[in-house]
Amino acid sequence: MSATTSTGTTDTARDRAPRSSRLAAVTGFALLDLRRRLRSRVEMFFIVGLPAFFYLVFGFGDDERVGSGNVAMYVMISMAAYGAVTATTSVAGSAVLERTLGWGRQLALTPMRPLTFVAVKTVIAMAIAAVPIALIFVIGAFTGARGETSDWILAALIVWLGSSLFAIYGLAVILVFRSENAVGIASGLIVIMAFLGNVFTPMSGLILDIGRLTPLYGYAALARYPLTDGWTASGSHDPLWLPLANVAAWAVIFTVLAVWGMRRGQERV
Amino acid sequence: MSRTPAIHATGLRKQFRATDGSEVVAVDDVDLTVQPGEIVAFLGPNGAGKTTTVDMLLGLTTPSGGTVEVYGEAPGRAVATGRVSAVMQTGGLLNDFTVLETVQAIAHLHGRRDRVDDAIERAGLAPIAKRRVQACSGGEQQRLKFALALVPDPDLIILDEPTTGMDVSTRQSFWETMRADAAEGRTIVFATHYLAEADEFAERTILMKSGRIVQDGRTADVRAAFGGRTVSFQPPAEFVHADGIDPDWLARVSAALEPLGISDVEVSSASLEAAFLALTAADTHELEGADR
Chain A
1 MSATTSTGTT DTARDRAPRS SRLAAVTGFA LLDLRRRLRS RVEMFFIVGL PAFFYLVFGF
61 GDDERVGSGN VAMYVMISMA AYGAVTATTS VAGSAVLERT LGWGRQLALT PMRPLTFVAV
121 KTVIAMAIAA VPIALIFVIG AFTGARGETS DWILAALIVW LGSSLFAIYG LAVILVFRSE
181 NAVGIASGLI VIMAFLGNVF TPMSGLILDI GRLTPLYGYA ALARYPLTDG WTASGSHDPL
241 WLPLANVAAW AVIFTVLAVW GMRRGQERV
Chain B
1 MSRTPAIHAT GLRKQFRATD GSEVVAVDDV DLTVQPGEIV AFLGPNGAGK TTTVDMLLGL
61 TTPSGGTVEV YGEAPGRAVA TGRVSAVMQT GGLLNDFTVL ETVQAIAHLH GRRDRVDDAI
121 ERAGLAPIAK RRVQACSGGE QQRLKFALAL VPDPDLIILD EPTTGMDVST RQSFWETMRA
181 DAAEGRTIVF ATHYLAEADE FAERTILMKS GRIVQDGRTA DVRAAFGGRT VSFQPPAEFV
241 HADGIDPDWL ARVSAALEPL GISDVEVSSA SLEAAFLALT AADTHELEGA DR
């Protein structure tokens with residue numbers, strides 16, 4: 001894309017210095033925006049501090065065997081997933097709020113296109129999601145989480161990439177509710193979904209059967225699959241298609257909700 | 001030499017569908033040409049269509065009809081190249097950025113990081129550059145939006161109610177900055193509902209009402225048509241009682257004035273200023289008649 005803008009064809013005398021390149025422009029903006037998010041202490045507590053604390057409480061040093069590793073590893077993956085989805089939910093949700101609260105109009109007076117804004121926020125969401133994953137995996141590595149090397153790599157990748165599903169979830173909740181409290185609602189629901197999704201405490205029986213249908217179950221089970229091969233703590237077994245189907249179904253549901261919320265918002269003009 | 005107008009709009013029209021399904025015409029058949037270097041005020045009450053017009057000039061709203069060009073280009077294009085920028089009434093800021101970061105973020109997007117210091121300086125924000133937006137007063141946030149508008153070094157700057165939330169002295173220094181900018185050749189278009197701001201600052205005033213332009217001309221001429229002249233006089237003391245002016249006498253005044261073409265005689269209670277002057281000068285009441 002052309003980096004400079006020609007202004008020489010017009011008859012005004014005011015001249016302009018050449019602009020820096022489009023990529024440098026967007027990168028500079030994205031870095032400032034990323035730094036703004038990272039220094040929000042409250043947000044970072046819920047994204048990084050709380051999941052790390054939960055790992056230390058529930059998983060620290062627990063060497064009981066699970067699949068190809070131990071319980072510490074199992075809890076570590078779960079908590080990294082919890083932190084990562086909190087991050088993507090909150091970044092995606094606030095991005096919608098920023099646009100509706102007038103900052104979007106300010107950005108509309110710059111050369112940045114709306115699609116570039118979406119790309120910037122996606123990169124920021126994934127960057128922030130990587131923080132709890134990296135930190136909790138490092139803590140795990142030093143506090144007795146054990147598993148095959150492939151378990152570590154695959155789990156980290158699945159947790160990280162899968163968390164993007166919850167960026168769609170964040171978008172959907174804010175677009176449907178459209179209030180400043182909506183980000184809080186979205187994050188709060190994550191906690192409930194984490195319990196139902198077998199992320200915090202191992203469940204069994206009827207609750208587990210219901211939980212299998214909730215949005216965080218498939219994602220967390222998939223992230224632990226390299227470690228557990230599908231065996232749950234209560235001794236039941238999930239074939240690989242089950243968590244995959246769960247993720248696919250919720251991806252469709254969240255997308256439909258987000259599109260519906262967006263359409264509804266436009267009609268209200 | 002024919003110059004490309006800063007703004008050229010013909011038959012500009014915008015209608016919305018209200019929540020009850022009825023059509024609302026916010027801007028109705030507006031023709032407008034602004035030459036480079038002009039200072040133009042859009043004056044009108046709330047709901048006159050000023051903000052909708054501004055949105056169309058900035059490419060933020062698509063007109064329902066008519067054409068609009070900014071420096072011969074589509075508005076969105078002129079915005080993207082930084083030829084036009086604006087202080088919008090509905091623009092918003094991020095609370096957790098500092099003042100400096102906000103300007104830097106927008107400067108990055110314009111590819112004009114070299115303009116950060118100048119914009120901060122001109123908007124008088126240097127002393128509070130490190131402050132969080134959250135901690136800024138309404139007037140300071142308004143100045144920050146002004147700094148953002150200065151970032152692309154635009155040829156045309158559009159200001160929608162720019163002095164909202166500013167105190168008197170800030171307001172004054174804001175207009176001084178604008179005057180200096182205008183002297184350098186920047187075209188300035190601002191919307192306001194303060195007659196005084198248009199009067200003091202604009203060479204040309206466009207009066208809008210219910211989406212239409214009802215007056216467009218030299219500010220002094222528009223003022224004469226809009227404001228008229230007010231003649232006031234004092235009633236004789238014997239007709240003035242503690243609870244107001246003797247109604248019979250007032251009726252006689254109205255009857256006496258009617259043959260002169262004067263209508264709408266009204267009695268206004270004195271303004272605080274007038275009361276102060278009256279109390280410190282003479283012990284009389286005042287009757288005002290306006291010849292609209």
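Residue numbers (full-length UniProt numbering), protein chains in the order written: chain A, 1 to 269; chain B, 1 to 292. We treat Cβ as the ideally placed atom computed from N, Cα and C, and that holds for glycine. Here the structure is a predicted model, which means the values were calculated and not measured.
Just measuring C-alpha positions, the residue of B:69, B:41, B:30, B:139 sitting nearest residue 99 (chain B) is B:139.
Scanning B:22, B:70, B:16 for the CA closest to the CA of residue 80 (chain B) turns up B:70. Listed along chain B are 60, each with a C-beta nearer than 7 Å to that of residue 108 (chain A). Sequence-ordered contacts of the stretch 83-112 of chain B with chain A read 85, 86, 88, 90, 91, 92, 93, 94, 96, 97, 101, 104, 105, 106, 108, 109, 110, 111, 112 [C-beta pairs closer than 7 Å]. Counting C-beta atoms within 10 angstroms of its own C-beta, residue 142 (chain B) has 16 or more neighbours from the protein chains shown and is therefore classed as buried. Rounded to the nearest whole angstrom, the C-alpha separation of residue 144 (chain B) and residue 167 (chain B) is 15 Å. Taking 9 Å as the Cβ-Cβ cut-off, the stretch 37-52 of chain A approaches chain B at 37, 39, 40, given in chain order. Closest in alpha carbon position to residue 212 (chain B), among B:102, B:3, B:29, B:22, is B:29.
For residue 111 (chain A), the residues of chain B that pass the 7 Å Cβ criterion are 80, 109, 110, in the order they occur in the chain. For residue 246 (chain A), the three-state secondary structure derived from DSSP is helix. Within the same chain, Cβ atoms closer than 8 Å to the Cβ of residue 150 (chain B) are found at 85, 115, 118, 119, 122, 123, 157, the five residues on either side in sequence being excluded. Listed along the chain, the chain B residues whose CB falls inside 9 Å of the CB of residue 87 (chain A) amount to none; the nearest CB is some 16 Å away. Going by beta carbons, residue 80 (chain A) and residue 136 (chain A) fall inside the 9 Å limit. What residue 148 (chain B) touches in chain A, judged by beta-carbon distance under 7 Å, is 106, going in chain order. Annotation: the stretch 126-210 of chain A contains the following complete segments of the alpha helix (DSSP H) (minimum length 4 residues), in chain order: 149-162, 165-177, 182-196. Neighbours of residue 34 (chain A) in chain B, taken as residues whose beta carbon is under 9 Å from its own, are absent, since the nearest beta carbon is some 11 Å off.
In the DSSP assignment, no residue is bridged to residue 166 (chain B). Using a CB distance cut-off of 9 Å, residue 209 (chain B) does not count as an interface residue toward chain A. Of all C-beta pairs linking the stretch 81-91 of chain A to the stretch 51-63 of chain A, three or more are shorter than 8 Å, placing the two stretches in contact. Look at the stretch 73-98 of chain A: the residues with a C-beta under 9 Å from a C-beta of chain B are 98.
Here the alpha carbons of residue 131 (chain B) and residue 39 (chain A) stand approximately 15 Å from one another.
Looking at the DSSP output, residue 70 (chain B) bridges to B:7, B:73.
For residue 182 (chain A), there are no neighbours in chain B by C-beta distance under 8 Å, as the nearest C-beta there is about 17 Å away. Take residue 64 (chain A), set aside five residues on each side of it, and the residues of its chain with a beta-carbon closer than 8 Å to its own are 70, 71, in chain order.
Its Cα nearest to that of residue 114 (chain A), the residue B:76 stands out among B:93, B:107, B:76. Taking a cut-off of 8 Å on C-beta distances, the stretch 195-205 of chain A does not touch the stretch 154-167 of chain A, as fewer than three cross pairs fall below it. Nearest to residue 96 (chain A) by C-alpha distance, out of A:169, A:235, A:58, is A:169. Restricting attention to alpha helix (DSSP H) runs no shorter than 4 residues, the stretch 96-183 of chain B encloses them at 99-110, 116-122, 138-150, 168-183, ordered along the chain. Residue 103 (chain A) counts as buried, since no fewer than 16 other beta carbons sit within 10 angstroms of its beta carbon. With at least 16 other beta carbons inside 10 angstroms of its own, residue 146 (chain B) counts as buried. Residue range 212-218 is occupied by the beta strand (DSSP E) that includes residue 217 (chain B). Residue 187 (chain A) places its beta carbon less than 9 Å from that of residue 93 (chain A). Annotation for residue 43 (chain A): 37, 90 place their beta carbon closer than 8 Å to its own, counting only its chain and skipping 5 residues before and after.
In this structure the stretch 135-155 of chain A touches the stretch 225-244 of chain A; the number of beta carbon pairs closer than 8 Å is three or more. When rounded, the separation of the alpha-carbon atoms in residue 12 (chain B) and residue 219 (chain A) is 52 Å. Put simply, the backbone Cα of residue 106 (chain B) is about 47 Å away from that of residue 240 (chain A).
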